[in-house]
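Q: Each residue of the sequence shown is one higher than the one before, counting from 1 in full-length UniProt numbering.
One structure coming up, written as structure tokens, with questions to follow.
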Amino acid sequence: MNSCSTTMETQKLFLQSFLLILHFTFSSSMHTITINQTIEDGNLLISKGDHFALGFFSPGNSRYRYLGIWYYKVPEQTVVWVANRNNPINDSSGVLLMDRLGNLILYSKNNQEVVWSTNVSVKVTDFCAARLLDSGNLILQDRSERILWQSFDQPTDTLLPGMKLGLNRNTGMFWFLTSWRSADDPGTGNFSVQLNTMGAPQFLLYRGTTYYWQYTHWPMKTNPDMWTYYSIVNNQDEIHMAYSPVDASVIFRLMLDYSGTLKKLAWHEKVGRWKEFWSAPSSVCDIYGHCGTYGICYPYLIGRFECDCLPGYEPKYPREWNIMRDGSGGCVRKRLESSSVCEHGEGFVKVGKVKLPDTSTAVWKGMNTSAVDCEKECKKNCLCSAYASIDVYGEGTGCLTWYGELIDTADNVKEGYDINIRVDALELAEIARKSNGFLKRKDMLAILIVSVASSWFVIILFVHLWLKKKRKIVRNQWNERLLDAIGDVRKKDALVTSEVQGSMSHQDIALFSLNTILVATTKFSQANKLGEGGFGLVYKGQLSNGQEVAVKKLSKNSSQGIEEFKTEVALIAKLQHKNLVKLLGCCIEGDEPMLIYEYLPNKSLDSFLFDANKRVVLNWRKRFNIIVGIARGILYIHQDSRLGIIHRDLKTSNILLDVEMNPKISDFGLARIFKDGQIQEKTKKIVGTFGYMAPEYVIFGKFSTKSDVFSFGIILLEIITGKKNNNYCHEGSSVSMIGHIWHSWKENRAFEIVDSFLKESSPSDEVLRCIQIGLLCVQEDALDRPMMSTVVLMLNSEITLPSPKQPGFNFSKFDDISIFSSKKEKFCSVDEKTITEVICR
1 MNSCSTTMET QKLFLQSFLL ILHFTFSSSM HTITINQTIE DGNLLISKGD
51 HFALGFFSPG NSRYRYLGIW YYKVPEQTVV WVANRNNPIN DSSGVLLMDR
101 LGNLILYSKN NQEVVWSTNV SVKVTDFCAA RLLDSGNLIL QDRSERILWQ
151 SFDQPTDTLL PGMKLGLNRN TGMFWFLTSW RSADDPGTGN FSVQLNTMGA
201 PQFLLYRGTT YYWQYTHWPM KTNPDMWTYY SIVNNQDEIH MAYSPVDASV
251 IFRLMLDYSG TLKKLAWHEK VGRWKEFWSA PSSVCDIYGH CGTYGICYPY
301 LIGRFECDCL PGYEPKYPRE WNIMRDGSGG CVRKRLESSS VCEHGEGFVK
351 VGKVKLPDTS TAVWKGMNTS AVDCEKECKK NCLCSAYASI DVYGEGTGCL
401 TWYGELIDTA DNVKEGYDIN IRVDALELAE IARKSNGFLK RKDMLAILIV
451 SVASSWFVII LFVHLWLKKK RKIVRNQWNE RLLDAIGDVR KKDALVTSEV
501 QGSMSHQDIA LFSLNTILVA TTKFSQANKL GEGGFGLVYK GQLSNGQEVA
551 VKKLSKNSSQ GIEEFKTEVA LIAKLQHKNL VKLLGCCIEG DEPMLIYEYL
601 PNKSLDSFLF DANKRVVLNW RKRFNIIVGI ARGILYIHQD SRLGIIHRDL
651 KTSNILLDVE MNPKISDFGL ARIFKDGQIQ EKTKKIVGTF GYMAPEYVIF
701 GKFSTKSDVF SFGIILLEII TGKKNNNYCH EGSSVSMIGH IWHSWKENRA
751 FEIVDSFLKE SSPSDEVLRC IQIGLLCVQE DALDRPMMST VVLMLNSEIT
801 LPSPKQPGFN FSKFDDISIF SSKKEKFCSV DEKTITEVIC R
């Protein structure tokens, strides 16, 4: 007898041959309205969970209806599963019923068209029930509670706790995620996260059918992070990964959005929004195969090409690699005679802490394999190109060996593994020669150095003592000026005896000793260098309490000096806003004063926005949030802070991004305070960055809050276009970026200037509205530009916007001004640095 068959007792309880139909009627103003129940043959039970709801919805601005599951207690409707994602209902009603075969069916058009079905059949007399569980799983089960079908087996873009990613080896069922097409269309998108079982299994993010990002290899680390526990299963029946939150009370999800970004999100009850804890791909080195075969990518190099070759290899196409900075061609072995890499004295060179290469050509040798045995396993096969000894949390040590090309290797200091690359005997000898040669030269130089040092010791000592005394006098004068600027007249001797010696006039600003900074930055090592600007160099550091900081060091050769240093300390110490970078303290020992800031791992906005590969991380929603955050930060310094401040150097490189891509305005060295009621000020000293400065400032030296509004407008338009105003080149009458956008706007072609990456995924109305706001901010006449309070209102509401007037620096009007352009046909500026210059007018 079938397990779903109904006894006489059951027939009395549930009635023989009846069907419960859920009928959903739609309204133009609501996504989910009424549920009308009618009874016919069969039986269907729906159980509403405490956390999830099942119903019809219309995403975003879509007019189509879908049957889906979303969070019941989250105010922001967040859909986690869609039944008819590729077959929407386009009329005003839908019917969900269970037919005589126990199959869930979704109808439209007055029950004439099947939109979706579970495709599960049982006998007519069987008893079956449909229930929505508290886990968010919609299930069909028989009387014995055997699950006949479940939505967890057909995930869409969201992986909930308890769901699986992987493969059922018995049934051939794959559990994988696929993105939506857009925010308004839950149809199957272009991105998916799947388990690839070739070689050693690994989870990959696909773009269409091509690899886009390597998620994690097998075996993956199973130790929990701060948010989740991972469950790993690999047996004869199935291979899969699942997870559960560390705190069961937290609403947590893993989702793949339509832009191809995989995110870990948790619902933040206090602020009423989803908080993003992690996302990927997040750097150029995350893009699959960015440095080609046998290449390795270093994501944190500043000012250098991020690609390098693995030991024993060299660029396949040197010109593209060294000149064009294109590493996609990869690397080849330095000596092509492959026989020299097998049984001819070859060995292995360790490359530490990397994301392991694609494991499609790798073999997992299992647990309890030592590093020595792993090396032997690789060495006995001439095709083995590398091996890695893997320490799996709580299980022991295993071995991965590669038998083909190595691709998609990247530096990963925090979570990386050591990989050993097979090299020939000549390469080993070369590495040993360099090492020994260095030691020999070191011994010979030691004798020479001792001799010379003995001869010059007395002279150097005398000069040193004399200079030390002189520097002490200068340094004391320097420190007194700095301490006076920050309202503290304590003597230097009392400031340098510990890591942080008290605070200054503001309770959140501390004085750091030079020794503390040297230890934190490893004596300003090149590896810790983050970048440089008009002020000087910036280094990453880590204090003894583990806090990461950014140290901004005033160079002796800097175009800026003590006045800018004093200005920044005095101003930013009094500013506290989430969209302004936080100053932790300063160091005034030595000849080069330093500012210590909070460390922001994503660096500056321009490093993402103007990089062809990294800007894919900035989808429209992130860009819009960045625009709004910058606007709020400027509004704060203009109007809401205790001081009225004009920044005077707003640009994308001075917008830093925190781990959640929230913007923070930095670099207040050129800022000026303006008094209440003061409209404008004039200066003979032009400071700022060409391309971001307002016309009245560059030409007449007049600056005001409207000067910052102009700079904000340029930044806004750069965010939308993905192009730099400073090096924009365009043939024709509209030779500047502003001019090109202006003419496109007048001809109703403004959407053409939008970054090509955004055109398909961004809401056109919102983008065009932002373009209009940008043009309003860069109007030629400062009086026509809106105040930042108005700009923030425009961005966060649907108020009607005025029509923009002629923008400043639309080079049909300023062709005769030599400081901007020497040719009418083409204007190209590559000046990206902050300038301090006196210009004759």
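Virtual Cβ for every residue (Gly too), placed ideally from N, Cα, C.
In this text the structure is predicted, and so the values were computed from the model without any measurement.
Whose C-alpha, out of 331, 310 and 553, is nearest the C-alpha of residue 320?
A: Here residue 320 is taken as the residue at index 320 of the sequence shown, counted from 1. Looking at the Cα atoms, 331 is the closest of the given residues.
Q: Assess, as a yes-or-no matter, whether the stretch 287 to 301 is touched by the stretch 243 to 252 under the definition of 3 or more beta carbon pairs within less than 8 Å.
A: Verdict: no, contact absent.
Q: Expressed to the nearest angstrom, what Euclidean distance is found between the alpha-carbon atoms of residue 652 and residue 604?
A: Here residue 652 refers to the residue found at position 652 when the sequence shown is read from its first residue. Here residue 604 refers to the residue found at position 604 when the sequence shown is read from its first residue. When rounded, the distance between both Cα atoms is 7 Å.
Q: Can you have a look at residue 700 and say buried or exposed, based on whether 16 or more other CB atoms are within 10 angstroms of its CB?
A: Position 700 of the sequence shown, counted from the start, is the residue given in the question as residue 700. Answer is exposed; the Cβ neighbour count stays below 16.
Q: Find out if the Cβ-Cβ distance for the pair residue 419, residue 356 is shorter than 9 Å.
A: Stepping through the sequence shown from its first residue, residue 419 is reached at position 419. Stepping through the sequence shown from its first residue, residue 356 is reached at position 356. The answer is yes: Cβ separation under 9 Å.
Q: So what's residue 342 in DSSP terms, helix, strand or just coil?
A: The count along the sequence shown starts at 1 and reaches residue 342 at position 342. If DSSP states are grouped into helix, strand and coil, residue 342 belongs with coil.
Q: Helix, strand or coil for residue 117? Go by DSSP, reduced to three states.
A: By 1-based counting over the sequence shown, the position of residue 117 is 117. Correct three-state label for residue 117: strand.
Q: Determine the DSSP secondary structure at residue 603, reduced to helix, strand or coil.
A: Your numbering for residue 603 matches position 603 in the sequence shown. If DSSP states are grouped into helix, strand and coil, residue 603 belongs with coil.
Q: Helix, strand or coil for residue 634, going by three-state DSSP, please let me know.
A: Here the question's residue 634 lines up with position 634 in the sequence shown. Residue state, collapsed to three classes: helix.
Q: Indicate the three-state DSSP secondary structure (helix, strand or coil) for residue 78 in the structure shown.
A: Stepping through the sequence shown from its first residue, residue 78 is reached at position 78. Coil at residue 78, not helix or strand.
Q: If I'm right that residue 354 touches residue 410 with Cβ under 8 Å, what's the distance once you round it to whole angstroms?
A: To locate residue 354, count along the sequence shown from 1; it is residue 354. To locate residue 410, count along the sequence shown from 1; it is residue 410. About 6 Å separates the two Cβ atoms, so the contact holds.
Q: Report the rounded CA-to-CA distance for residue 147 versus residue 140, giving the unit in angstroms.
A: Counting from 1 along the sequence shown, the entry for residue 147 is found at position 147. Counting from 1 along the sequence shown, the entry for residue 140 is found at position 140. The alpha-carbon atoms of residue 147 and residue 140 are separated by roughly 6 Å.
Q: Give every residue of the same chain whose Cβ lies closer than 8 Å to the Cβ of residue 720, excluding the five residues on either side of it in the sequence, and list them in chain order.
A: For the purposes of this step, residue 720 is identified with residue 720 of the sequence shown, where counting begins at 1. Correct list, in chain order: 623, 753, 754, 755, 758, 767, 770, 771 and 774.
Q: Where does the unbroken beta strand (DSSP E) through residue 57 begin, and where does it stop?
A: By one-based count along the sequence shown, residue 57 stands at place 57. Element bounds for residue 57: 52 to 57.
Q: Look at the alpha carbon of residue 403 and the alpha carbon of residue 360, and state the distance between them as a whole number of angstroms.
A: As a working note, residue 403 is residue 403 in the sequence shown. As a working note, residue 360 is residue 360 in the sequence shown. For residue 403 and residue 360, the distance between alpha carbons rounds to 9 Å.
Q: Can you find the residues in the same chain that come closer than 7 Å, C-beta to C-beta, to residue 817, ignoring five residues on each side of it along the sequence?
A: Walking along the sequence shown from the start, residue 817 turns up at place 817. Because the pLDDT of residue 817 is 34, which lies under 50, any placement of that residue in the model is unreliable, and the number read from its coordinates should be weighed accordingly. Answer for residue 817: no residue qualifies.
Q: Identify the continuous alpha helix (DSSP H) that holds residue 217 and give its terminal residues.
A: What you label residue 217 is simply residue 217 of the sequence shown in a count that begins at 1. Note, residue 217: premise wrong, no alpha helix (DSSP H); beta strand (DSSP E) at 210 to 217.
Q: Kindly indicate which three-state DSSP category residue 154 falls into: helix, strand or coil?
A: Here the question's residue 154 lines up with position 154 in the sequence shown. Note: residue 154 maps to coil in three-state DSSP.
Q: According to the neighbour-count rule (16 or more other Cβ atoms, all chains shown, within 10 Å of its Cβ), is residue 375 buried or exposed?
A: Position 375 of the sequence shown, counting from 1, holds the residue named residue 375. It is buried - the Cβ of residue 375 has at least 16 other Cβ atoms within 10 Å.
Q: Please report how far the alpha carbon of residue 245 lies from the alpha carbon of residue 266, in whole angstroms.
A: Here residue 245 refers to the residue found at position 245 when the sequence shown is read from its first residue. Here residue 266 refers to the residue found at position 266 when the sequence shown is read from its first residue. Roughly 10 Å between the two C-alpha positions.
Q: With 16 other CB atoms within 10 Å as the buried threshold, where does residue 344 fall?
A: Walking along the sequence shown from the start, residue 344 turns up at place 344. Its Cβ having fewer than 16 others within 10 Å, residue 344 is exposed.
Q: Do residue 205 and residue 260 have their CB atoms nearer than 9 Å?
A: Here the question's residue 205 lines up with position 205 in the sequence shown. Here the question's residue 260 lines up with position 260 in the sequence shown. Contact: yes.
Q: With a Cβ-Cβ cutoff of 9 Å, do residue 654 and residue 282 count as a contact?
A: On the sequence shown, residue 654 is found 654 positions in, with the first residue counted as 1. On the sequence shown, residue 282 is found 282 positions in, with the first residue counted as 1. Cβ distance not < 9 Å, so residue 654 and residue 282 don't count as in contact.
Q: Roughly how many angstroms lie between the CA atoms of residue 656 and residue 88, to the nearest whole one?
A: Counted from its first residue, the sequence shown places residue 656 at position 656. Counted from its first residue, the sequence shown places residue 88 at position 88. Approximately 42 Å between the Cα atoms of the pair.
Q: Whole-angstrom Cβ separation of residue 858 and residue 118, contact assumed at under 8 Å?
A: Because the chain in this structure spans residues 1 to 841, residue 858 falls outside the shown range and cannot be described.
Q: Determine the closest residue to residue 187 out of 128, 59 and 168, with distance taken between C-alpha atoms.
A: Here residue 187 refers to the residue found at position 187 of the sequence shown. When each option's Cα is compared against that of residue 187, the closest is 59.
Q: Excluding the five sequence neighbours on either side, which residues of its own chain have a C-beta within less than 7 Å of the C-beta of residue 417, listed in chain order?
A: Translated into positions along the sequence shown, residue 417 becomes position 417. Within the same chain, residue 417 has close Cβ partners 354, 356, 388 and 390.
Q: For a test of the three-state rule: what should DSSP assign to residue 697, helix, strand or coil?
A: Start at 1 with the first residue of the sequence shown, and residue 697 comes out as number 697. Reduced to three states, the DSSP call for residue 697 is helix.
Q: Within the same chain, show all residues whose beta-carbon is closer than 8 Å to that of residue 779, passing over the 5 residues directly before and after it, in chain order.
A: What you label residue 779 is simply residue 779 of the sequence shown in a count that begins at 1. So the qualifying residues of the chain are 785, 804, 805, 806, 807 and 808.
Q: What does DSSP give as the partner residue(s) for residue 278 in the beta ladder?
A: Numbered from 1 along the sequence shown, position 278 holds the residue referred to as residue 278. Residue 278 is bridged to 264.
Q: Cα separation between residue 295 and residue 579?
A: The residue you call residue 295 lines up with position 295 of the sequence shown. The residue you call residue 579 lines up with position 579 of the sequence shown. Between residue 295 and residue 579, the C-alpha separation is close to 38 Å.
Q: Report the three-state DSSP secondary structure of residue 425 (helix, strand or coil).
A: Indexing the sequence shown from 1 puts residue 425 at position 425. In this structure, residue 425 counts as helix in the three-state DSSP scheme.
Q: Rounded to whole angstroms, what is the Cα-Cα separation between residue 68 and residue 112?
A: As a position in the sequence shown, residue 68 is number 68, starting the count at 1. As a position in the sequence shown, residue 112 is number 112, starting the count at 1. Answer to the nearest angstrom: the Cα atoms are 21 Å apart.
Q: Quick one: what does DSSP say residue 771 is sitting in, helix, strand or coil?
A: As a first step, residue 771 must be located in the sequence shown, where it is residue number 771. In this structure, residue 771 counts as helix in the three-state DSSP scheme.
Q: How big is the Cα-Cα spacing for residue 551 and residue 597?
A: Mapped onto the sequence shown, residue 551 falls at position 551. Mapped onto the sequence shown, residue 597 falls at position 597. Spanning the two alpha carbons is a distance of roughly 6 Å.
Q: Could you please give me the residues that DSSP links to residue 861 through a beta bridge?
A: The requested residue 861 is not part of the displayed model; the chain covers only 1 to 841.
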